[in-house]
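*Asks:*
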Amino acid sequence: MKKKTIITILLAIIGIIGIKKVATFVYDKIEMANAPTMQELAEANPWTVPADWFKTDTITLKGRIEDYNAEEFGFSSMACPFNDVFEKDNTVLVLDIADDGTFCKKFLASYPVRNSFSAEGSKVHFNSIPFFARPGETIDITVRKVMFDFYECVYNNGSSRDVERWLRTSHKLEDVTKPLWEFEGTLDEANKVADEVWQRAMARLQRVSRSEDYTPQEVQLALADFQANFGMNYLGCIERIAEGLVKSEQRDSVWHTEILDSAEWKKYLDYETYALMRRIDYDNPLLFVSSSFHFLQNRVQYAKPIREDEYKGILSEGGGMEINFENYSKKLANGLAALHKFTGSDNLTAQICVYKDMTGEFDTWREAGDLLNQVFPLYLAALKNPYIRQKAEQFRDRRLAQTELSTPLPDAPGAELIRSLTAKYPGRLLVIDFWGMTCGPCRAAIQASKELRAKVAKRDDVKLVFIAGERTAEGSEAYHNYVNEWLAGEETVCLTNQDFARLQELFQFNGIPHYETITSDCRRVRDDLRISGYEIFESELQRLLEKL
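Residue numbers for the sequence shown follow the numbering used here, so the first one is 12 and each next one is one higher.
(1) Let's see if you can read the secondary structure: which residues bound the beta strand (DSSP E) around Met92?
(2) Can you give the Cα-Cα distance for Val154 and Leu178, rounded to whole angstroms?
(3) Which one of Val311, Ala455, Pro61 has the shortest CA to CA distance from Ile249?
(4) Please list the segments of the alpha helix (DSSP H) lying wholly inside the stretch 209-266, counting only runs of 4 or more residues, in order along the chain.
(5) Hey, Gln458 and Ser88: beta-carbon distance below 7 Å or not?
(6) Specify, as a first and last residue, the run of the alpha helix (DSSP H) that Glu488 falls within.
(7) Can you find the residues in the same chain that come closer than 6 Å, C-beta to C-beta, to Phe128, ignoring five residues on each side of it along the sequence?
(8) Sorry if obvious, but does the Cβ on Asp422 come closer than 6 Å to a heavy atom of the ligand SAH?
(9) Do the stretch 364-378 and the stretch 391-405 make contact, defined as three or more Cβ pairs closer than 8 Å?
(10) For the stretch 329-337 against the stretch 260-273, do three or more pairs of beta-carbon atoms, one drawn from each stretch, fall closer than 8 Å, so that the two count as touching?
(11) From Ala55, Val157, Asp68, pick the residue whose C-alpha is nearest to that of Ile76; which is it?
(12) Which word fits Leu517, buried or exposed, when buried means at least 16 other C-beta atoms lie within 10 angstroms of its C-beta?
(13) Quick one: Cα of Asn202 to Cα of Glu275, how far?
(14) Go ahead and label Asn309 buried or exposed: buried means 16 or more other beta carbons lie within 10 angstroms of its beta carbon, across all protein chains shown.
(15) Residues in its own chain within less than 8 Å of Ser170 by CB, not counting five upstream and five downstream?
(16) Taking just the CA atoms, how far does Ile152 sit from Asn492?
(17) How many angstroms separate the CA atom of Val257 from the CA atom of His267?
(18) Which residues does DSSP list as the beta-bridge partners of Asp107?
(19) Output the boundary residues of the beta strand (DSSP E) element that contains Gly330.
(20) Tell me which same chain residues have a C-beta within less than 8 Å of the C-beta of Val135, skipping the five on either side of it?
(21) Relative to the C-alpha of Met288, which candidate in Ala314, Val265, His305, Glu557 has its C-alpha closest?
(22) Restricting to Cα atoms, I'd like to know which of Leu234, Asp224, Gly247 is closest to Glu195.
(23) Identify, in the order they occur along the chain, each residue of the same chain with its Cβ nearer than 6 Å to the Cβ of Gly425, setting aside the five sequence neighbours on each side.
(24) What does the Cβ neighbour count give for Ile270, buried or exposed, with the cut at 16 atoms within 10 Å?
(25) Applying the 10 Å Cβ sphere with the 16-neighbour rule, what's the burial state of Arg409?
(26) Val536 and Ser417 - do their beta-carbons sit closer together than 7 Å?
(27) Which of the three DSSP states, helix, strand or coil, is assigned to Ile478?
(28) What's the C-alpha gap between Gln362 and Glu501?
(29) With 16 as the cutoff for other CB atoms within 10 Å, does Glu321 come out buried or exposed?
(30) DSSP on Phe97, reduced to helix/strand/coil?
(31) Could you name each continuous alpha helix (DSSP H) segment of 4 residues or more that falls completely within the stretch 429-468, going from the start of the chain to the end?
(32) Assuming Pro227 contacts Val204 (C-beta within less than 8 Å), just tell me the rounded distance between them.
(33) Exposed or buried, which one is Leu556 when buried takes at least 16 other CB atoms within 10 Å?
(34) What are the residues that DSSP puts in a beta bridge with Val154?
Quick look at the structure:
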């Protein structure tokens, strides 16, 4: 073929691609211009939330992968990041698959859950089991090959079957917030992009729900899921912008912060900058279903304007807060007013923020004499929803009944490794640092603690252990290079990511770095007493030794 002919063909192809891009752009703009509002979509698809939506019970997922072979599939377990705002949140669930392909997983939930079990290292075109279930349900799922190497999940009963169209096609809605993921620009520009994301999402949800024949329940769930995703990614975008507005450096052992753009910083603290967030229906119980709700709630709770107002008038010149009834009553009143201003009403999400604040402060109140009896009733009164209030009372009762400083490890996968480490270092506390090569904060903490760890290494009553997950138990070259440079002479353990996930389930954590403290007789130190990192390692260790 002549060179001129090849060029002509390439230009024609480029032209076709260009026309398609232009056509897609024009169609996208037309669709956005005719996008319905969230209220219009909701009103066009009415569905009543069941009265028993909030309840605590076990969810059971069971089923079978047809023609399963662990070696051919490349995995023998699947993992699911799981958050329950009332229980231990930000953890991992592990689903083991038997040799015959059957599986069964039971876990406690406080409200309906939409999530997915995923497999790492799959060698076939199947790596996830999405599901939707309500507390008390048993969902039966069959995974079968449909053609070539592709598989589908067949939901044989229950809530997953009721919303199977949404479960199978929700991926068509998931990337709509992508423009916010790595946005760079000003706050005003971010709001413009966020507004376009919202309109595009409404248009796409309407198109997908019609083409896939969503039921009203599926439309309502998809709407709630988008709102949680939007809020999570929007606030994440704002925080990334804010990081570029300040410069922090340490001089003479003191951290100094300089605001680089005072006008933008003022907008960062202004509630009106976050006006788009008020489009979210924070009182919608369907929000809890989304796997993003935990992150939405957390980012609302710690949004800069809210945190600034929450501590207004109660901080000392040094930036600390004296622990007393007056300050906590002011903090609660300030926080409630700020949440109302940010979210637009007294709603379920705002009450969860108060609940999480209460659980985070509970041990401080308990340690401060009679403060718990004074402050807890104030927080309880702020929880208007009966279910959230009941959960707060249950949390209080569990914590007060917790008199032991440590608890024995269960007979669960991963526990044997911890027992073997305890036996290796008899008479010592183990402080376990769960970390990973892809975790910047993990590496930063390890590198900053070099001198401290040298001191700890000389002690005979405590031992540091570093456990990381890698694709293989042998570890990558990068892992070994890092260990040789920063952790030489330390106790390091490298696990497959699947085995690391089992330890995440055992100790109920998802994010890293994460720290656990194990007593010399192989008991897990309770959360409020375990050593939480290196910043105040020595004081936390001393307090724990005195308690023990």
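C-beta atoms are modelled at their ideal positions from N, C-alpha and C, and glycine is treated no differently.
*Replies:* So, from the data block:
(1) One point to set straight first is that residue 92 is Pro, not Met, in the sequence displayed. Counting along the chain, the beta strand (DSSP E) containing Pro92 begins and ends at 88-93.
(2) Their backbone Cα atoms lie some 14 Å apart in a straight line.
(3) Among Val311, Ala455, Pro61, the Cα nearest to that of Ile249 belongs to Val311.
(4) 227-254
(5) no
(6) Run containing Glu488: 488-497, per the alpha helix (DSSP H) assignment.
(7) Result list for Phe128: Met89, Cys91, Leu106, Ile140, in chain order.
(8) Judged by which ligands are present, the structure shown has none, so any question about the ligand SAH falls away.
(9) yes
(10) no
(11) Val157
(12) buried
(13) If you draw a straight line from the Cα of Asn202 to the Cα of Glu275, it is about 13 Å long.
(14) By the Cβ-count criterion, Asn309 is buried, with 16 or more other Cβ atoms from all chains shown falling within 10 Å of its own Cβ.
(15) Shown here for Ser170: same chain residues with a beta carbon closer than 8 Å to its own, the five before and five after excluded, namely Pro123, Phe143, Ala144, Arg145, Glu148, Ile150 in chain order.
(16) 44 Å
(17) Computed Cα separation, rounded: 10 Å.
(18) Among the bridge pairs identified by DSSP, Asp107 is matched with Ser88.
(19) Note, Gly330: premise wrong, no beta strand (DSSP E); not H, not E.
(20) Once the five neighbours on either side are set aside, the close Cβ partners of Val135 are Glu83, Phe84, Gly85, Asp160, Tyr162.
(21) Ala314
(22) Closest by alpha carbon: Gly247.
(23) Arg513, Leu514, Leu517
(24) exposed
(25) Exposed, since its Cβ has fewer than 16 Cβ neighbours within 10 Å.
(26) yes
(27) strand
(28) Those two C-alpha atoms are separated by around 44 Å.
(29) buried
(30) coil
(31) 451-459, 461-467
(32) About 30 Å separates the two Cβ atoms, so there is no contact after all.
(33) exposed
(34) Ile76, Cys164
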